[in-house]
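So the structure is just underneath, and the comments pick up after that.
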Ligand code: AMP
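Numbering (this note's numbering), first residue to last: 185 to 824.
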């Protein structure tokens, strides 16, 4: 593929802020992309040349870019610096200089995506003597052969400033639009260009107004269509479904379910490898879609849903259930292949260097050639031997210097609670019980260094209650409850795991802003900005989108809340609104964290709206002091 084609898509993406339009543009690009270019196009779309979890960096500074621009255009560094100060973006500076140079020179060869990609990757691999000069010439070579707008995007990519706004969700949806059939009712056929365009006022292909009415469209099938009456049929025909161009569902609700199912299929593949490049290749190949799990490539960790009362546990997870301590440390995915190790945090950052002291511990105490372990890393006080709260070890994660010294001062213990891969075999489909049995077999416990999480398998509510109390007494956060027959589900809160921990005291807060939702909640204001007060000022302290109900019988609904809030709107900005501070709500949450994001300096973690407090005046809402008090109290509990 020529790089200029990719650039024309970057330009399209730059022009719109609308999610649907961006998704459409990317899907169109992917349709035009041959398999041999696919990985590179997907990485470049994200402004990178390695997958997100790969920590290799191009290592190109603005200074070096200035030298490369100078070499390619003949402009001197001072002039480039001056333009940079004036325009503020080296991409635009390169564009300007290349454009004036191109008026005086005739020749340049056409740049391919492959060439740009390989020069950029080479930047990351250079080491040793003469590296700077080699880097300059790799960048200058690209600039010499590029047009002015190509130069702009090359420089922005190199400096990690692509700014075309492709969030993960947009890329995921675009992949689904490209490799799964279009669902009629989510997509509509344009009478003019005959293309299927997503529900929008205009056809995104030709700008003609489209009739986005489900009923009319269902009578206008497209070529190579399949009629489907239920979501179950899709699941049964999983291997065949992608041979069709479009699906006609029996009604609007089924159409939405099918569409969501396609999106989740892409998400599931992504959760196994964290690499949309690999996902697109697996789907383009069209045969059975497989993503192989390999040590070195992080898997999105399985997540837990909150359990409100212990009484519901067996209903939610079956009986007996696996109960474990919920430790207050940080999640670590330990990957090992022979002598090579990777330690991925929940954000998929490899923190091997910061925790190198764990390598011999793992080598000596885990039986296996290659494995992926899911663990919680907990700090402990070498003197008292007690667990330390997360705050104390969090500094080790970001540490760049004095790593050995801090490792001695703040030693950590590996608590293994799951296994995903062992000796060449993917264990995702084994049951929780089987996986737990494996970790008990392969891990030799050395207190203070490595162990498996404390657990019990029980059908007794009484016993769970005791286990919970014991866990809190030891300074843990609560308990984890796990369904013994469920497989490991990367990346999702599917309910196979639940967490149970004490709620802190509820706070009465006022809603000061809100945002319209997506999908079935598109018509409702469904996330709410919460504020507490400090003297006469309102200070934001979090954003909540949970706790409300879909149906009236179940309690306060999104619809009711939307009506109440819409009458209070003072300003609209896109999908966000600012409202008069009138609606007071009772909010429960799991924790209060310090946060620079909100004006109060605090953020409620997992806030849920419990009730409207129509009885409360604004002057009686929670104060900043209340938040500070809960914050301190919770630290007290953790440090016991
Ligand atoms: P939360 O962050 O509150 O959603 O709780 C989930 C987190 O609890 C996981 O990501 C782990 O880091 C942590 N955790 C602590 N103990 C366990 C355990 N026994 N099993 C699974 N996760 C645990």
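Backbone N, C-alpha and C fix where the C-beta goes; we use that ideal spot for every residue, glycine too.
Please name the residue or residues paired with residue i in a DSSP beta bridge.
i: residue 681; result: 666
i: residue 711; result: 699
i: residue 563; result: 572, 596
i: residue 605; result: 556, 610
i: residue 825; result: The structure shown does not extend to residue 825, since the chain spans only 185 to 824, so no value can be given for it.
i: residue 186; result: 296
i: residue 382; result: 371
i: residue 393; result: 386
i: residue 366; result: 430
i: residue 796; result: 769
i: residue 550; result: 627
i: residue 636; result: 600
i: residue 817; result: Beta-bridge pairing links residue 817 to no other residue.
i: residue 741; result: 733
Report the option in the options whose CA atom is closest to the CA atom of residue i.
i: residue 617; options: 199, 344, 386, 501; result: 501
i: residue 537; options: 570, 563, 580; result: 580
i: residue 556; options: 607, 510, 698, 591; result: 607
i: residue 319; options: 805, 496, 269, 256; result: 256
i: residue 753; options: 810, 609, 698; result: 698
i: residue 577; options: 512, 653, 446, 335; result: 512
i: residue 632; options: 647, 596, 356; result: 596
i: residue 806; options: 706, 790, 689, 757; result: 689
i: residue 413; options: 451, 378, 423, 368; result: 368
i: residue 837; options: 641, 217, 626, 574; result: There is simply no residue 837 to check, as the chain begins at 185 and stops at 824 in what is shown.
i: residue 460; options: 564, 350, 517; result: 350
i: residue 567; options: 593, 663, 371; result: 593
i: residue 677; options: 491, 218, 357; result: 491
i: residue 705; options: 682, 729, 587, 600; result: 729
i: residue 644; options: 341, 494, 331, 483; result: 494
i: residue 731; options: 269, 710, 751; result: 710
i: residue 386; options: 604, 584, 204, 626; result: 204
i: residue 429; options: 457, 381, 415; result: 381
i: residue 635; options: 602, 303, 432, 342; result: 602
i: residue 543; options: 598, 415, 194, 228; result: 598
i: residue 793; options: 768, 348, 780; result: 768
i: residue 627; options: 393, 786, 558, 496; result: 558
i: residue 540; options: 587, 662, 552, 722; result: 587
i: residue 773; options: 311, 787, 469, 371; result: 787
i: residue 514; options: 561, 649, 669, 323; result: 561
i: residue 419; options: 220, 458, 311, 445; result: 445
i: residue 243; options: 395, 306, 552, 455; result: 306
i: residue 216; options: 808, 623, 464; result: 464
i: residue 477; options: 223, 269, 613; result: 613
i: residue 454; options: 352, 303, 260; result: 352
Can you name the start and end residues of the beta strand (DSSP E) that residue i belongs to?
i: residue 700; result: 691-700
i: residue 841; result: Outside the shown range of the chain (185 to 824) lies residue 841, about which nothing can therefore be said.
i: residue 410; result: 409-412
i: residue 639; result: 639-642
i: residue 430; result: 430-433
i: residue 200; result: Looking at the DSSP string, residue 200 is not in any beta strand (DSSP E), and its letter there is neither H nor E.
Write down the C-beta distance between residue i and residue j rounded to the nearest angstrom, noting that I regard them as a contact closer than 8 Å.
i: residue 816; j: residue 797; result: At roughly 25 Å, the Cβ-Cβ gap does not stay under 8 Å, so residue 816 and residue 797 are not in contact.
i: residue 741; j: residue 733; result: 5 Å
i: residue 630; j: residue 549; result: 6 Å
i: residue 248; j: residue 339; result: With a Cβ gap of about 11 Å, residue 248 and residue 339 do not count as contacting.
i: residue 765; j: residue 802; result: 6 Å
i: residue 507; j: residue 639; result: 6 Å
i: residue 714; j: residue 703; result: Going by Cβ atoms, the distance from residue 714 to residue 703 rounds to 23 Å, so no, they are not a contact pair.
i: residue 181; j: residue 330; result: Outside the shown range of the chain (185 to 824) lies residue 181, about which nothing can therefore be said.
i: residue 326; j: residue 300; result: 6 Å
i: residue 296; j: residue 187; result: 6 Å
In the DSSP assignment, find the unbroken alpha helix (DSSP H) run with residue i in it and report its ends.
i: residue 328; result: 315-328
i: residue 341; result: 332-342
i: residue 463; result: 460-468
i: residue 269; result: 261-271
i: residue 450; result: 436-457
i: residue 672; result: Unbroken run through residue 672: none, as it is neither H nor E.
Does any C-beta atom of chain D lie closer than 8 Å to the C-beta of residue i?
i: residue 648; result: In the structure shown, chain D cannot be found, because there is only a single protein chain.
Following a CB-centred definition, is residue i positioned closer than 7 Å to any heavy atom of ligand 2?
i: residue 510; result: Summarising the ligand content, the structure contains ligand 1 and does not contain ligand 2.
Legend entry - Segments assigned alpha helix (DSSP H), at least 4 residues, entirely inside the region 490-533: 497-501
Inset, instruction - At 4 residues or longer, and completely inside the region 205-246: list those alpha helix (DSSP H) runs for me, N to C. - result: 219-229
Legend entry - beta strand (DSSP E) segments (min. 3 residues) lying fully within the region 747-794: 753-757, 760-763, 768-772, 775-778, 786-789
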